[in-house]
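Taken in order, the sequence shown gives residues 1 to 369; the numbers are from our numbering. Even glycine gets a Cβ: it sits at the ideal position worked out from N, Cα and C. These figures come from a predicted structure and were not determined experimentally.
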Amino acid sequence: MEQPSILTFDDSVLAFTEEASAELARQQDLLEMVKDERKWQWKSTVVPMLLLLLTAVLMFQYPKALWSWFIACLMLYSWNFIFLLLPTTRKGVRSDGNVVRMKKTREQRKLALRRLLGKPKLVLEIVITLFLGRMVPLTVVFTMILGAGILVLVAFILTGYTAVAGLARLIIVQVVLIFIFYTLVNFLEPQTQGVSEIARSWKRRMGAAKLKGRTASFIVKSAAVGVLVTVAIIFIGALVLPGYTFVTLLLTSTKEFGLLDAFLFIGIILEQFWIMRSFQSVMSVRMANQILNERIDKLQGLVETSRGIEDRFPEDLDRSDAMRAVRGEFYSLMLYDIYRMDFFGKFPVYVVGPRRKYVFDEKVLSHVP
Numbered sequence: 001m002e003q004p005s006i007l008t009f010d011d012s013v014l015a016f017t018e019e020a021s022a023e024l025a026r027q028q029d030l031l032e033m034v035k036d037e038r039k040w041q042w043k044s045t046v047v048p049m050l051l052l053l054l055t056a057v058l059m060f061q062y063p064k065a066l067w068s069w070f071i072a073c074l075m076l077y078s079w080n081f082i083f084l085l086l087p088t089t090r091k092g093v094r095s096d097g098n099v100v101r102m103k104k105t106r107e108q109r110k111l112a113l114r115r116l117l118g119k120p121k122l123v124l125e126i127v128i129t130l131f132l133g134r135m136v137p138l139t140v141v142f143t144m145i146l147g148a149g150i151l152v153l154v155a156f157i158l159t160g161y162t163a164v165a166g167l168a169r170l171i172i173v174q175v176v177l178i179f180i181f182y183t184l185v186n187f188l189e190p191q192t193q194g195v196s197e198i199a200r201s202w203k204r205r206m207g208a209a210k211l212k213g214r215t216a217s218f219i220v221k222s223a224a225v226g227v228l229v230t231v232a233i234i235f236i237g238a239l240v241l242p243g244y245t246f247v248t249l250l251l252t253s254t255k256e257f258g259l260l261d262a263f264l265f266i267g268i269i270l271e272q273f274w275i276m277r278s279f280q281s282v283m284s285v286r287m288a289n290q291i292l293n294e295r296i297d298k299l300q301g302l303v304e305t306s307r308g309i310e311d312r313f314p315e316d317l318d319r320s321d322a323m324r325a326v327r328g329e330f331y332s333l334m335l336y337d338i339y340r341m342d343f344f345g346k347f348p349v350y351v352v353g354p355r356r357k358y359v360f361d362e363k364v365l366s367h368v369p
């Protein structure tokens, strides 16, 4: 009876470099596609930008348009994840090189799902990446749209226009909370799993403080609780309060709307949707370009590291540990992919999401913390 072949360390390195090289080629192909779209994208924002400026002038001349502007913006802000799913096609790059992967059975997928659910930190990271990561390309455009409205509102207040006084405070508080929230989102960098990095850094701080004594540990833990409470308040103010603000504006400001105002409101919604998708497209392409460049650099580094392990570590156990660390870093990187979505072939938007090929692979999950 033929004995099964034993996988040597050299075989393990070869298998990894083939898989990593295939992924490297795939990321490079995807980057080329992103670069091709980036060349002409800024041209598509010229008309929307002019419309934004013209509407700001209109709001000065016709104050009712200001309320329509804020109502439409809060509606798009609150439900933008639905607008992202409007008639769309997806375009990607498929390239596995010489790596052959067997199709998984239902039982294997169930085992992988159980292992995934047994990693609550990873599940939370995936949810945060999906939820907050998709907001990153929207931070600039909603800052522009809300900022235009706030400038007009402040101008009315400074000129003593009393018709806006009733709702001005609520709107200003709401917009400031959204701006703070967007600043926080950009700081956390959820599209590259920045939240997990911050969480790990706080865990290291608490571990170091614990060694220094109870006082140091209490101070660090108190600081962590304070940060979490502050973040929770910002999230509630930016994600829950807009619903109340939207309803208040809708019920209060539309009482005196006529037929012309209704048509103007529809026009403003369409205009803001165009502005939103145009700048979301530009910023998501920019985000994808940055992520892919970073990934390519990391993958090239991992391939080089794996090839040099044998020379750096004379002991077999040390080599195995080093190779396992390299695989863990590789799979943590490959758990996420970049997907392209568009609106009837226009306004391409790149989003970061979990990659099923790796997320539902039990072998992969065994290497991921």
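Is it buried or exposed, residue i, if we count other Cβ atoms within 10 angstroms and call 16 or more buried?
| i | result |
| --- | --- |
| residue 98 | Because residue 98 sits at a pLDDT of 47, beneath the cut-off of 50, its placement in the model cannot be relied upon, and the following sentence gives the value as read from the coordinates. Exposed is the call here. |
| residue 304 | exposed |
| residue 379 | In the structure as shown, the chain begins at 1 and stops at 369. Residue 379 is therefore absent and cannot be evaluated. |
| residue 69 | buried |
| residue 27 | buried |
| residue 125 | buried |
| residue 229 | exposed |
| residue 277 | buried |
| residue 337 | buried |
| residue 175 | buried |
| residue 318 | exposed |
| residue 183 | exposed |
| residue 145 | buried |
| residue 131 | exposed |
| residue 272 | buried |
| residue 252 | exposed |
| residue 280 | buried |
How many Å lie between residue i and residue j at the Cα?
| i | j | result |
| --- | --- | --- |
| residue 110 | residue 116 | 10 angstroms |
| residue 327 | residue 341 | 30 angstroms |
| residue 364 | residue 107 | 16 angstroms |
| residue 208 | residue 215 | 12 angstroms |
| residue 49 | residue 274 | 10 angstroms |
| residue 266 | residue 172 | 24 angstroms |
| residue 339 | residue 217 | 42 angstroms |
| residue 283 | residue 192 | 15 angstroms |
| residue 286 | residue 38 | 7 angstroms |
| residue 161 | residue 153 | 9 angstroms |
| residue 11 | residue 294 | 28 angstroms |
| residue 177 | residue 170 | 11 angstroms |
| residue 157 | residue 237 | 24 angstroms |
| residue 82 | residue 227 | 31 angstroms |
| residue 149 | residue 66 | 7 angstroms |
| residue 151 | residue 189 | 28 angstroms |
| residue 361 | residue 314 | 31 angstroms |
| residue 291 | residue 333 | 11 angstroms |
| residue 222 | residue 40 | 50 angstroms |
| residue 369 | residue 142 | 36 angstroms |
| residue 25 | residue 358 | 17 angstroms |
| residue 270 | residue 168 | 24 angstroms |
| residue 231 | residue 9 | 46 angstroms |
Helix, strand or coil for residue i? Go by DSSP, reduced to three states.
| i | result |
| --- | --- |
| residue 351 | strand |
| residue 343 | strand |
| residue 361 | coil |
| residue 161 | coil |
| residue 100 | Per-residue confidence for residue 100 stands at a pLDDT of 46, beneath the threshold of 50, marking its modelled position as unreliable; the derived number appears in the next sentence. Of the three classes helix, strand and coil, the one that applies to residue 100 here is coil, per DSSP. |
| residue 336 | strand |
| residue 134 | coil |
| residue 213 | coil |
| residue 77 | helix |
| residue 62 | coil |
| residue 156 | helix |
| residue 290 | helix |
| residue 245 | helix |
| residue 201 | helix |
| residue 252 | helix |
| residue 281 | helix |
| residue 189 | coil |
| residue 369 | coil |
| residue 118 | coil |
| residue 237 | helix |
| residue 207 | helix |
| residue 258 | coil |
| residue 265 | helix |
| residue 315 | coil |
| residue 139 | helix |
| residue 8 | coil |
Decide if the stretch 256-266 is in contact with the stretch 189-207; the criterion is three or more beta carbon pairs, one per stretch, under 8 angstroms apart.
Flag = no, the stretch 256-266 and the stretch 189-207 do not touch.
Below 8 angstroms, how does it come out for the stretch 241-250 and the stretch 66-77: are there three or more Cβ pairs, yes or no?
Flag = yes, the stretch 241-250 and the stretch 66-77 touch.
Using a Cβ distance threshold of 8 angstroms, determine whether the stretch 121-128 contacts the stretch 22-33, with at least three qualifying pairs required.
No, because fewer than three Cβ pairs between the stretch 121-128 and the stretch 22-33 fall closer than 8 angstroms, the two stretches do not touch.
Taking contact to mean 3 or more Cβ pairs, one atom from each stretch, closer than 8 angstroms, check whether the stretch 304-324 and the stretch 341-352 are in contact.
In short, these stretches do not touch, since the Cβ pair count stays below three.
Under 8 angstroms: do the stretch 210-228 and the stretch 134-141 share three or more Cβ pairs, one atom per stretch?
Judged by Cβ distances under 8 angstroms, the stretch 210-228 makes no contact with the stretch 134-141, as fewer than three pairs qualify.
Would you call the stretch 291-303 and the stretch 14-27 touching, i.e. three or more CB-CB distances under 8 angstroms?
With a cut-off of 8 angstroms, the stretch 14-27 and the stretch 291-303 count as touching, because enough Cβ pairs lie within range.
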